[in-house]
Amino acid sequence: MAYLLHQLLSTSASKYPNHTAVWAREQGLSYGELDERSNQLAHLLRRRGIQKGDRVGIYFPKAVESVISMFGVLKAGGVYVPLDPQQPAQRIQYIIDNCAIKALVTTREKLRGLDPAAIATVKFSVFTDRMNGAGTTATGAPWEELAGFPTEGGPEDLQSTTLDLAYILYTSGSTGRPKGVMLSHQNALTFVDWCAKTFQIQAEDRLSNHAPLHFDLSVFDVYNAIEAGATVYMVPDDAMLFPATLAKFIASKGISAWYSVPSALVHLILHGNLKEHNLERMRLLLFAGEIFPVKYLGQIAELLPKVELYNLYGPTETNVCTYYRVDRTKLPSMEKIPIGRACANTEVFAVDEKDQFILPGQTGELYVRGPSVTCGYWADAEKTRKMVLPNRFQPHYEEKMYRTGDLVVLREDGDYDFVGRRDSQIKSRGYRIELGEIEAALLSHPEVKEVAVVAVPDDEVSNRIKAIVATHSGATLTASHLQQHCAQRVPRYMIPELIEFRESLPKTTTGKLDRVLLASER
Amino acid sequence: MEEIKEKVREFVLDAAQRKGLDSVTDEESLTENGVIDSLAIFRLVSFLEDNFGIRIADEEIVNENFRSVNAIETFVADKLSKKGSPVGRGQ
Chain H
1 MAYLLHQLLS
11 TSASKYPNHT
21 AVWAREQGLS
31 YGELDERSNQ
41 LAHLLRRRGI
51 QKGDRVGIYF
61 PKAVESVISM
71 FGVLKAGGVY
81 VPLDPQQPAQ
91 RIQYIIDNCA
101 IKALVTTREK
111 LRGLDPAAIA
121 TVKFSVFTDR
131 MNGAGTTATG
141 APWEELAGFP
151 TEGGPEDLQS
161 TTLDLAYILY
171 TSGSTGRPKG
181 VMLSHQNALT
191 FVDWCAKTFQ
201 IQAEDRLSNH
211 APLHFDLSVF
221 DVYNAIEAGA
231 TVYMVPDDAM
241 LFPATLAKFI
251 ASKGISAWYS
261 VPSALVHLIL
271 HGNLKEHNLE
281 RMRLLLFAGE
291 IFPVKYLGQI
301 AELLPKVELY
311 NLYGPTETNV
321 CTYYRVDRTK
331 LPSMEKIPIG
341 RACANTEVFA
351 VDEKDQFILP
361 GQTGELYVRG
371 PSVTCGYWAD
381 AEKTRKMVLP
391 NRFQPHYEEK
401 MYRTGDLVVL
411 REDGDYDFVG
421 RRDSQIKSRG
431 YRIELGEIEA
441 ALLSHPEVKE
451 VAVVAVPDDE
461 VSNRIKAIVA
471 THSGATLTAS
481 HLQQHCAQRV
491 PRYMIPELIE
501 FRESLPKTTT
511 GKLDRVLLAS
521 ER
Chain R
1001 MEEIKEKVRE
1011 FVLDAAQRKG
1021 LDSVTDEESL
1031 TENGVIDSLA
1041 IFRLVSFLED
1051 NFGIRIADEE
1061 IVNENFRSVN
1071 AIETFVADKL
1081 SKKGSPVGRG
1091 Q
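Spelled out as structure tokens, the structure:
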């Protein structure tokens, strides 16, 4: 049994060396090639000074090199940090500095977009874009340099254990800064093993990869494909934007397993012209990250009568912790889809305000325990202490549990239903967004006096973002100015679509912003 | 032709500004730079249908027709000429 993620690759590469492992940008990479290139990259990283536990950023648009990089860093004993190529430079720089990234696998173009003074911890970059005549320098290694390193076997004597970190995924932070969720090989494998057993991925399966690599849905796409000797197909840029193109892609590649946020599927149903395509090979549809409106799920179920449908739930801190297999016969009478029950090797329970375990029909906050739970946030002991807690319900030995901040209700049949958040975190298009992070970005503008950011519910994307702003007197701010200001600080999907200016914002009797009132306004 | 382009530019610029960009050229790729996301594309489709009185089918909503202001203008002009309706007087 694998105890390190890259052992999944070694096993599959010896069984299926010529099978395609990754397909991206019209290019296929076999298991043999993936194994060899990642071995070479691992040796290169070690030679250049990457030591066990060092963080290496992966910063370029999805390509076969993305998966080579993930495995290359892991084989070197490093921790990879996927950096979203579509996020503003400021945010990327913050992340690089926050976890002291020592090296980047990137393109020359992406690197040029970063301020060297802001990424002082980066000692060198490996460039995936091929440039004729580009030589090796102290700070830059062209991809061609890989050829000088051994293809058989990765670096040895690392004494790696399953508890070692494999990757760090950064998510929205409520005080304005993204938080780095630390995930070990064990965390990842707990999820991958459960998926392998539950979904029975075979070597003939073709998994799509729709989610960005810094989003944990991609862990299934990549590692479950590799585990089974199957192929992962990275969705091309135009298919990401145009549903008709996406439908064609899914059909022509013969995708058999799809995992994405509900928004992407809803978009596909509404505008993808699915009826025109042969989707016979599709056997598994997984969705997670936000609530799926039942009416749209019903449409998919009808269109694809043989597909197994699963709702998966879990924060980045635990990957998927509960699952619900959709019972088609019950679908027409359902109001909402449950988040289900605990995955294998995971325990979930919910407690009410009196710290009692809830009974059927009652509401409580969901906690998770088990080997999928993160050990915390990088360099943020305070936040870690708040969310990753000693398990007070089990006093015999030290162990941690994670408080999700999600309220759930326990059904008679043992499944849980999602009720809502305890705080101001929302989902929009499946992205986790702390409204506080957007508020902080807006408040940083000198002319903004006060701001409240609220979510406006929406059928297609779960929530739209609205900002209500009070400016200092004499200010001449426009919505467009503020949107530009935000664009430099937060990802595009977090920029408020709607901005309303007011003289002042309503307050409660204790002087705090009356968010309840603001959210209820239309 | 210019009328079509003007209207398209106006919409695209508005969409770009919502994403924090202050200008867009006629030839630059809207889809590569994240100027229009998947939601904005459908708002654009409604805008074009309303303003030019054309019907756009789902299969026509592809990169080739929407990748830049120029591409959109060509696409719309093409549809209008097939339809035979006067430019700029949409229903």
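Residue numbers (the working numbering), protein chains in the order written: chain H, 1 to 522; chain R, 1001 to 1091.
All C-beta atoms in this analysis are idealised placements derived from N, C-alpha and C, irrespective of residue type, glycine included.
What you are looking at is a predicted structure, and each value in this text was computed from that prediction instead of being measured.
- Around the CB of Thr-139 of chain H, fewer than 16 other CB atoms lie within 10 Å, so the residue is classed as exposed.
- A straight line joining the alpha-carbon of Lys-383 of chain H with that of Thr-316 of chain H spans about 15 Å.
- For the stretch 103–187 of chain H, the continuous alpha helix (DSSP H) assignments of 4+ residues that do not extend past its boundaries occur at 108–112, in sequence order.
- With contacts defined by Cβ atoms closer than 8 Å, Ile-168 of chain H and Val-81 of chain H form a contacting pair.
- Leu-165 of chain H and Val-192 of chain H have their C-alpha atoms spaced approximately 16 Å apart.
- Approximately 5 Å separates the beta-carbon atoms of Thr-318 of chain H and Ser-372 of chain H; this is inside 8 Å, confirming the contact.
- Per DSSP, the continuous beta strand (DSSP E) segment holding Asp-458 of chain H begins and ends at 448–458.
- The beta carbon of Tyr-3 of chain H is closer than 6 Å to those of Thr-162 in its chain, skipping five residues each way along the sequence.
- A distance below 6 Å between beta-carbons, with the five flanking residues on each side excluded, links Ser-174 of chain H to the following residues of its chain, in chain order: Glu-434 and Gly-436.
- As the crow flies, the alpha-carbon of Trp-194 of chain H is around 24 Å from that of Val-73 of chain H.
- Any Cβ of chain H closer than 8 Å to the Cβ of Ser-1081 of chain R would place that residue at the interface, and such an atom is absent.
- For Ala-470 of chain H, the enclosing beta strand (DSSP E) stretches over residues 462–471.
- Secondary structure of Ser-260 of chain H (DSSP, three-state): strand.
- Our two residues, Val-22 of chain H and Tyr-313 of chain H, have alpha carbons roughly 26 Å apart in a direct line.
- Using a Cβ-Cβ cut-off of 9 Å, Ser-480 of chain H is close to Asp-1014, Gln-1017, Arg-1018, Gly-1020 and Asp-1022 of chain R, given in chain order.
- Classified as exposed, Pro-150 of chain H has fewer than 16 neighbouring CB atoms from the shown chains inside 10 Å of its CB.
- Residue burial is scored here from C-beta neighbours: Arg-206 of chain H has at least 16 other C-beta atoms within 10 angstroms and is therefore classed as buried.
- Straight through space, the alpha carbons of Lys-386 of chain H and Gly-254 of chain H are spaced by roughly 45 Å.
- Secondary structure note for Thr-1074 of chain R: it is in no beta strand (DSSP E), and the uninterrupted alpha helix (DSSP H) holding it is 1069–1083.
- Pro-85 of chain H and Arg-25 of chain H have their C-alpha atoms spaced approximately 16 Å apart.
- Nearest to Ile-337 of chain H by alpha-carbon distance, out of H:Thr-346, H:Tyr-233 and H:Arg-325, is H:Arg-325.
- Annotated as proximal: Glu-1028 of chain R and Ser-1068 of chain R, with beta-carbon spacing under 8 Å.
- When the five nearest sequence neighbours on each side are left out, the beta carbons in the same chain lying within less than 6 Å of the beta carbon of Arg-464 of chain H are those of Val-456, Asp-458 and Glu-497, in order along the chain.
- For Arg-281 of chain H, there is no enclosing beta strand (DSSP E), as DSSP gives it neither H nor E.
- Per DSSP, Glu-437 of chain H lies in no beta strand (DSSP E) segment; the continuous alpha helix (DSSP H) that holds it begins and ends at 435–443.
- Secondary structure of Thr-363 of chain H (DSSP, three-state): strand.
- A check of alpha carbon separations from Ala-63 of chain H across H:Val-266, H:Leu-410 and H:Met-234 identifies H:Met-234 as the nearest.
- Using a CB distance below 8 Å, the part of the stretch 446–462 of chain H facing chain R consists of Glu-460 and Val-461, ordered along the chain.
- For the stretch 231–248 of chain H, the beta-carbon criterion of a distance under 8 Å to any beta-carbon of chain R is satisfied by Asp-237, Asp-238, Met-240, Leu-241, Phe-242, Pro-243, Ala-244 and Thr-245.
- In the assembly as shown, Asn-1033 of chain R is an exposed residue. Its beta-carbon has fewer than 16 other beta-carbons within 10 Å.
- Closest option to Arg-1018 of chain R, judged by alpha-carbon separation, among H:Tyr-493, H:Arg-515, H:Ile-358 and H:Ser-520: H:Tyr-493.
- The beta-carbon of Asp-1078 of chain R is placed no less than 8 Å from the nearest beta-carbon of chain H.
- For His-214 of chain H, no CB of chain R lies under 8 Å from its own CB, so it is not counted at the interface with that chain.
- DSSP places Trp-378 of chain H in the coil class of the three-state scheme, outside both helix and strand.
- Within the stretch 56–99 of chain H, the complete alpha helix (DSSP H) segments of 4 residues or longer fall at 64–75 and 89–98, listed in chain order.
- Excluding the 5 residues flanking it on each side, Val-368 of chain H has same chain C-beta neighbours closer than 6 Å at Thr-318, Cys-321, Val-348 and Tyr-402, in chain order.
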